[in-house]
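Just below is one structure, and these are the notes that go with it.
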Amino acid sequence: MKVTLAMKPAAKSFISIEAESIVPKNFLDGTDLSVWRGNRELRLDEVFSVLVEGDADRSEDVEVVLSGETFRLKRVGEYMDGGRITILGNIGMHCGNFMSGGIIEVRGNADGWLGREMAGGAIVCRGDAADYCAAGYRGGRKGMTGGTVEVFGSTGDFLAESIAGGTVTVHGNSGDMAGAEMRGGTLVVHGDCRRPGANMKEGSCYVYGTVQGMLPTFRKIGTVQHGGRTLIRFAGDLANRGKGNLFVKDYEYLD
Amino acid sequence: MTELLVKNACVIDPLRGINAETMDIAILDGKIVEEVSDAAEVIDARGMLTLPGGVDSHTHICGTKVNFGRYMSPEDMRAGRTPRRGPLHATSGYSVPTTYGNSYRYSVMGYTTLLEGAMAPLEARHTHEEFIYTPLQDTMANVLFDGNWGIMEAIRDGDTKRVAAIIAWTLRAVKGFAIKLTNPGGTEAWQWGKNVSCIRDPVPYFEVTPAEIIRSIVEANELLGLPHSVHLHCNNLGTPGNYSCTLGSLGLIPDLNEKRQTLYAAHVQFHAYGGSDWKDFCSKSEPIARFVDMRPQIVMDMGQVMFGRTTTMTADGPMEFNLYRLHHEKWSNHDVELETGSGIIPVIYRRKNLVNSIMWAIGLELALLTKSPWQCLLTTDNPNGAPFVKYPEIIGLLMSKKYRDAEFATIHPDTEARVPLPAIERELDWYEIAVMTRAGQAKALGIQDLGKGHLGPDADADVAIYPLRMDEVDPSVDYQKVIDAFSRTEYTIKRGRVVARRGECLVDGSNATFWVRPKVSENYDMGKDPDFIEKFDRYYTVRMRNYPVQEEYLNRNRCIETEARI
Numbered sequence: 007m008k009v010t011l012a013m014k015p016a017a018k019s020f021i022s023i024e025a026e027s028i029v030p031k032n033f034l035d036g037t038d039l040s041v042w043r044g045n046r047e048l049r050l051d052e053v054f055s056v057l058v059e060g061d062a063d064r065s066e067d068v069e070v071v072l073s074g075e076t077f078r079l080k081r082v083g084e085y086m087d088g089g090r091i092t093i094l095g096n097i098g099m100h101c102g103n104f105m106s107g108g109i110i111e112v113r114g115n116a117d118g119w120l121g122r123e124m125a126g127g128a129i130v131c132r133g134d135a136a137d138y139c140a141a142g143y144r145g146g147r148k149g150m151t152g153g154t155v156e157v158f159g160s161t162g163d164f165l166a167e168s169i170a171g172g173t174v175t176v177h178g179n180s181g182d183m184a185g186a187e188m189r190g191g192t193l194v195v196h197g198d199c200r201r202p203g204a205n206m207k208e209g210s211c212y213v214y215g216t217v218q219g220m221l222p223t224f225r226k227i228g229t230v231q232h233g234g235r236t237l238i239r240f241a242g243d244l245a246n247r248g249k250g251n252l253f254v255k256d257y258e259y260l261d
Numbered sequence: 218m219t220e221l222l223v224k225n226a227c228v229i230d231p232l233r234g235i236n237a238e239t240m241d242i243a244i245l246d247g248k249i250v251e252e253v254s255d256a257a258e259v260i261d262a263r264g265m266l267t268l269p270g271g272v273d274s275h276t277h278i279c280g281t282k283v284n285f286g287r288y289m290s291p292e293d294m295r296a297g298r299t300p301r302r303g304p305l306h307a308t309s310g311y312s313v314p315t316t317y318g319n320s321y322r323y324s325v326m327g328y329t330t331l332l333e334g335a336m337a338p339l340e341a342r343h344t345h346e347e348f349i350y351t352p353l354q355d356t357m358a359n360v361l362f363d364g365n366w367g368i369m370e371a372i373r374d375g376d377t378k379r380v381a382a383i384i385a386w387t388l389r390a391v392k393g394f395a396i397k398l399t400n401p402g403g404t405e406a407w408q409w410g411k412n413v414s415c416i417r418d419p420v421p422y423f424e425v426t427p428a429e430i431i432r433s434i435v436e437a438n439e440l441l442g443l444p445h446s447v448h449l450h451c452n453n454l455g456t457p458g459n460y461s462c463t464l465g466s467l468g469l470i471p472d473l474n475e476k477r478q479t480l481y482a483a484h485v486q487f488h489a490y491g492g493s494d495w496k497d498f499c500s501k502s503e504p505i506a507r508f509v510d511m512r513p514q515i516v517m518d519m520g521q522v523m524f525g526r527t528t529t530m531t532a533d534g535p536m537e538f539n540l541y542r543l544h545h546e547k548w549s550n551h552d553v554e555l556e557t558g559s560g561i562i563p564v565i566y567r568r569k570n571l572v573n574s575i576m577w578a579i580g581l582e583l584a585l586l587t588k589s590p591w592q593c594l595l596t597t598d599n600p601n602g603a604p605f606v607k608y609p610e611i612i613g614l615l616m617s618k619k620y621r622d623a624e625f626a627t628i629h630p631d632t633e634a635r636v637p638l639p640a641i642e643r644e645l646d647w648y649e650i651a652v653m654t655r656a657g658q659a660k661a662l663g664i665q666d667l668g669k670g671h672l673g674p675d676a677d678a679d680v681a682i683y684p685l686r687m688d689e690v691d692p693s694v695d696y697q698k699v700i701d702a703f704s705r706t707e708y709t710i711k712r713g714r715v716v717a718r719r720g721e722c723l724v725d726g727s728n729a730t731f732w733v734r735p736k737v738s739e740n741y742d743m744g745k746d747p748d749f750i751e752k753f754d755r756y757y758t759v760r761m762r763n764y765p766v767q768e769e770y771l772n773r774n775r776c777i778e779t780e781a782r783i
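As they're listed, the protein sequences go chains A and B. The numbering used here applies: residue 7 is where the first sequence begins, and numbers increase by one. The numbering used here applies: residue 218 is where the second sequence begins, and numbers increase by one.
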């Protein structure tokens, strides 16, 4: 089943839309869903031109395609457990929260909190992702626990904060505090980033570019070969009695 | 004039010696009366268990410390969310909920009076402001005097009357209800980066010992004729082998008051540990319970630990630092100038953890081994041992050996060798539970004469009617029914008004705050004492005239005047 949701142009396009109902599973029972714009509940067809082709018995066979001013949509794919969501443009905050299965593809950029606390499945972002990509939530002990997030552009700060499982790969650069409070899982940044792995307990963090502001609480172990690259291995974060591994191509401490 | 008649109520009212008598309760303008006119609104209780409104004599629900628990645990606010509805405000949070969350949840469980266990005098305004937004319970606050510089100097000089005078001035200024000592001396030592190991260790600079602080303040408490006794959180909380220190502290206390205890020992579960380190950690509830059995001058509360997530918060700063070193999670530490300090740490008590399992057992043992329920009150030191919403489960555990055994089978297997709990057959009855949750608490707080904790004529019309008939439920078998009933009243009546019905709060309410104003002679008025004023102006960051909490901060103001003997 393919569900195509094209956003209708809106007069007040600055108000975001809470669209946690846009999950493949929900379309098995038709398109009688609602979303919230501010304090107003709207039917799905008030916001989107809805087109359904074919039918399906299980969420794995459902594909949802979103187009239009999709950067206004928040919480798309929250608690998604299977199927596929393709977003042709940019997507708003909290896309793929808590997802446990299926695939979300964002052709454009993603706003903050992409794949927050996800437990499984895969998110692919062709553009950039903003802050707190694949992170935990405020104050929480564990962030992402499984699945994969791949970002082909760059990401903002606090990438994969509190990650406890799963894999996050960023092909561009990342901002400050990547992998902060990491306690498991794998984080790979192909470009540069700042202060990775702060307070990490476990897990592995790879930076194929240059680390700026390298934290002094990591102990240098030596060099390792990894996928054809020579990386410098650190253990830490010693400030947190951490047993994490940080591998970097190059690094510079703060002056 | 509003009249209400509760018919066919099966009443347990321990302060009046009433045990399961079916009777009518007449209410006129928020007070219990002998009879009302035929025009009164009638509630038919249909023989359901009816108790005086619940009293919690030790809980942390309002104030800077609680609020900082909220700040530092935004994840806690993801639980317990309820939307705004009718007169009710939105709530959120589990172990440190919003004030409305606390108030509604307590009300649904039938609680109508709460005592905030620790209010730093300097930050009293915050507590009183939050009291206003705890609308469905009457409130009062213990004031922290554990590291007060003026008091420690007076103790060093051996001047108990001056100790009493400073307490009188402060209670009046901050609109406090009673004296709280949290790790006496230890929190002041913490300001020097130290702690006291037990009651004979001197506090740095002041050179007084916790034993001197406790004894002197207990005497001062009686000089002032305060309704409540000193409320003590002993030194050395949470360390293996601390029970001997607890016994030493309790042994300091003479019997000075005929009407009530002379010392309220708070959350004794945390102070009843044997062993020399975490490896041979074990329960010492038996010696403590036996010691308390022999001393009517002491009342304690359980401080029961229940498994799950919660937040620990106390004025015992050094103890929280030790906890931080164990858990390595987030930690907050706070210093309150010349008075006290505090620390906060979120924790998870786990069944799989041997130490946590033993702690769980110790609280229950204290309640079951102490002969008189008037001497061991039911609390969790909310939220330190568990959030107060766990009270019904604790009642279930105390009333049912079967439930205890079923729970015991799920905890760490080595617990059995470290605790006496499996051998205890005692099951508490309804009357004892009523004592431990209201009558005993009101008596310990000294508020029964103010119309709390009983249903006698002229008492405040605070009534909890639970959806349960005692003749139909055998608590030792049907413990789940007991838990369900105590979780959700059929009616909670506060000041003569139905405030909660079947788990739903109905009104916005308006709380009253009790506070104490001891009348002292001119010579002992610290507001005119040059030395006190000079020290105040030199060391505090606030001016003395800005320090007292104005009465505008109190919603309904119930001032208790006492005749001090100084």
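Cβ coordinates follow ideal geometry from the N, Cα and C atoms, glycine included.
- The C-beta distance from Gly185(A) to Met206(A) rounds to 6 Å, short enough to fall under 8 Å.
- Gly560(B) sits away from Asp552(B), with the two beta carbons spaced by 8 Å or more.
- At a Cβ-Cβ threshold of 8 Å, Met653(B) and Pro590(B) count as neighbours.
- Judged by DSSP in its simplified three-state form, Met369(B) adopts helix.
- Ile238(A) is bridged by DSSP to Thr229(A), Val254(A).
- Taking Arg635(B) as reference, the option from Leu615(B), Val737(B), Arg542(B), Glu503(B) with the minimal CA-CA separation is Glu503(B).
- The distance from the Cβ of Lys224(B) to that of Val259(B) is about 6 Å, consistent with a contact at the 8 Å cut-off.
- Between His448(B) and Ala489(B), the CB-CB gap reaches or exceeds 8 Å.
- Contact of Ser549(B) with chain A is not assigned, every C-beta pair being separated by 8 Å or more.
- Looking from the CA of Val325(B), the closest CA among Phe731(B), Ala702(B), Val766(B), Arg760(B) belongs to Ala702(B).
- Close CB contacts of Gly492(B) within its chain, under the 7 Å cut and outside five residues either way in sequence, are with Pro457, Gly458, Phe498, Cys499 (chain order).
- In the DSSP assignment, no residue is bridged to His545(B).
- Ranked by how close their Cα comes to the Cα of Val420(B), the residues Asn365(B), Gly613(B), Arg379(B), Asp677(B) have Asn365(B) in first place.
- In the three-state reduction of the DSSP assignment, Pro735(B) falls in the strand class.
- Using a CB distance cut-off of 8 Å, Gly118(A) does not count as an interface residue toward chain B.
- Residue state for Ile470(B) is assigned as coil, using DSSP reduced to three classes.
- About 12 Å separates the Cβ atoms of Leu193(A) and Tyr214(A), ruling out a contact at the 8 Å cut-off.
- Distance check between Pro471(B) and each of Glu439(B), Lys501(B), Pro444(B), Tyr460(B) places Glu439(B) closest, using alpha-carbon atoms only.
- CA-CA distance, Leu585(B) to Cys279(B), rounds to 30 Å.
- Tyr422(B) sits in coil when the DSSP states are folded into three classes, being neither helix nor strand.
- By alpha-carbon distance to Asp38(A), the top candidate from Asn45(A), Gly44(A), Val29(A) is Val29(A).
- Buried is the label assigned to Tyr138(A), since at least 16 other Cβ atoms lie within 10 Å of its Cβ.
- Between the segment 564-579 of chain B and the segment 232-246 of chain B there are fewer than three C-beta pairs closer than 8 Å, too few to call the two in contact.
- For Ser40(A), the enclosing beta strand (DSSP E) begins and ends at 40-43.
- Annotated three-state conformation of Thr730(B) is strand, per DSSP.
- Closest in C-alpha terms to Phe625(B), from the list Gly247(B), Asn570(B), Lys669(B), comes Asn570(B).
- The beta carbon of Lys660(B) sits closer than 8 Å to the beta carbons of Leu232, Arg477, Trp591, Gly670 from its chain, once the five residues preceding and following it are set aside; these are given in chain order.
- By the CB criterion at 8 Å, Ala335(B) and Val391(B) fall outside the cutoff.
- Legend: CB atoms of the segment 117-144 of chain A lying less than 7 Å from CB atoms of chain B belong to residues Tyr143, Arg144.
- Contact of Asn251(A) with chain B by beta-carbon distance below 7 Å is absent, the smallest such distance being about 19 Å.
- When Val9(A), Ile93(A), Gly203(A) are compared, the shortest CA-CA separation from Asp243(A) is found for Gly203(A).
- Judged by their CB atoms, Cys722(B) and Leu221(B) are not nearer to each other than the 8 Å cut-off.
- Around the beta carbon of Met616(B), a 10 Å sphere encloses 16 or more other beta carbons of the protein chains shown; the residue is thus reported as buried.
- If you draw a straight line from the Cα of Tyr143(A) to the Cα of Ser290(B), it is about 11 Å long.
- DSSP places Ser180(A) outside any beta strand (DSSP E), giving it a letter other than H or E.
- Bounds of the alpha helix (DSSP H) holding Arg507(B) are 502-510.
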